[in-house]
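Note sheet for the following structure.
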Amino acid sequence: INQQLNIDNSINPKLDSAVIHTRNSIGFRGPELSLRSPSSLSIITMGGSTTACHFLGDDKTWPFLLGEYLKAHGKDVWLNNAGLDGHSTFGHEILLNDHVKQLHPNLVVFLTGINDIESNQPSFHDKLNTKGAYPDFKHFIFENSEVLNLALNAVRGWRAQKLVNTGNKMIDLKGSESRVVPDAIMKERLRQQEQYLLPYRKRLLGLIDTCIANSTIPVMMTQPFLFGTAVDSATGINFSTFPLGDNSNGQLEWQVLERYNDIVRSLCKEKNVCLVDLANLLPKNSLYFYDNVHYTNAGAVKIAEIVSESLNKVIAEKFSVFIK
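All residue numbers for the sequence shown refer to the working numbering, where the first residue is 513 and numbers rise by one.
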């Protein structure tokens, strides 16, 4: 594929004014597959837009920085970012089974949660790469990725595209009145999650079992969220009562997401799978987010630091041969 998207940003001061987003020949962000040597520890990150980091430059995403941190600690690493905007665990299952497992990575890092909230079927984005719809992953990415379908032309080889401004909306923390959600509404919303949690657990278990069956070590991460029971140290805003949606607030949306994060935590404990509890380890600070879930450059740096600490332990235990 070899696609490059040039993004000119003039509306979101938390993001760079010029962003270069590149996809390699297999449709992922990162070095070419041909650059992976037998001596390299191969890692693939999977998730939705919070993994894809669509509006962060190639050298600013947390997966890229994770690879750099691991290299700095003496690891010979080949890391690709397979995050796709809008993907939930429904899409991860397809991508893992149809494409990623054929690459035989040593580690797959999953960041899941936000796109699975109140979801009982594949989303539009998940359905795009249903098996059989396209002959291979390259065709799927070429035809469907938000990164690649903006200005397709008939010229073969390298394609450079341009997008003016960013698509994700920045949340303005100032000027909003606080909102208290009645206990009855909160309890009912949380009760409604129960029907989605067991199927979510089943899909996560499928991802874990598929990795293990293919001699790949799965690493699961909980989903961070800007809002919740905290006060922003940067602005002094109370994240708990910050209004979200028509009748919700930061506390309720955080509690909803935590129901899904708890599934990840309990499953990792049960299956003895490496867990990076990013939801608790990443501080709730507006310096790290430009909306409720997407990260700034500083946020990506912080995430890479957190994840690298956990992966260094896994690599030392499971893959010491890759340590220089």
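Glycine included, each C-beta is placed from N, C-alpha and C at the ideal position.
{"Check": "Simplified DSSP state of N809, which is helix, strand or coil", "Outcome": "helix"}
{"Check": "T734 versus R771 - alpha carbon distance", "Outcome": "11 Å"}
{"Check": "Beta bridge counterpart(s) of T557 as assigned by DSSP", "Outcome": "N593 and V621"}
{"Check": "First and last residue of the uninterrupted beta strand (DSSP E) at I729", "Outcome": "I729 to M733"}
{"Check": "Pairwise C-alpha distance: Y708 and G718", "Outcome": "16 Å"}
{"Check": "N-terminal and C-terminal residue of the beta strand (DSSP E) that C565 is part of", "Outcome": "No beta strand (DSSP E) contains C565, which DSSP labels as neither H nor E."}
{"Check": "F834, DSSP secondary structure in three states", "Outcome": "helix"}
{"Check": "Inter-residue CB distance, I513 and R535 (contact presumed, cutoff 8 Å)", "Outcome": "6 Å"}
{"Check": "Cα-Cα separation between N804 and N750, rounded to whole angstroms", "Outcome": "14 Å"}
{"Check": "3-residue-minimum beta strand (DSSP E) runs that sit fully inside the region 704–780, ordered along the chain", "Outcome": "729–733"}
{"Check": "N632, buried or exposed, once every other Cβ within 10 Å from all chains shown has been counted against 16", "Outcome": "exposed"}
{"Check": "Given A530 as reference, the closest of M558, K572 and G539 once Cα atoms are compared", "Outcome": "K572"}
{"Check": "The alpha helix (DSSP H) enclosing L547, as first and last residue numbers", "Outcome": "Run containing L547: none; DSSP gives neither H nor E here."}
{"Check": "Straight-line Cα distance separating R703 from K814", "Outcome": "33 Å"}
{"Check": "For N518 and N524, the rounded distance between their alpha carbons", "Outcome": "16 Å"}
{"Check": "Residues near R713 by beta carbon distance below 7 Å, same chain, minus five either side", "Outcome": "I775 and L779"}
{"Check": "Which residues DSSP lists as bridging V788, in chain order", "Outcome": "M733"}
{"Check": "Nearest residue (CA-CA) to M698, options L769, H533 and S820", "Outcome": "L769"}
{"Check": "Cβ-Cβ distance between L619 and I720 below 7 Å", "Outcome": "no"}
{"Check": "Reduced DSSP category for K613 - H, G, I as helix; E, B as strand; rest coil", "Outcome": "helix"}
{"Check": "Cβ-based burial, P694 [other Cβ within 10 Å; buried from 16]", "Outcome": "exposed"}
{"Check": "Cα-Cα separation between Q515 and E817, rounded to whole angstroms", "Outcome": "28 Å"}
{"Check": "Beta-carbon gap between T741 and S727 smaller than 7 Å", "Outcome": "no"}
{"Check": "Touching by the beta-carbon criterion (3+ pairs, under 8 Å), the region 562–578 and the region 601–619", "Outcome": "no"}
{"Check": "Assigned secondary structure, K587 (DSSP; H/G/I helix, E/B strand, else coil)", "Outcome": "strand"}
{"Check": "CB contact flag (D628, S600, <7 Å)", "Outcome": "yes"}
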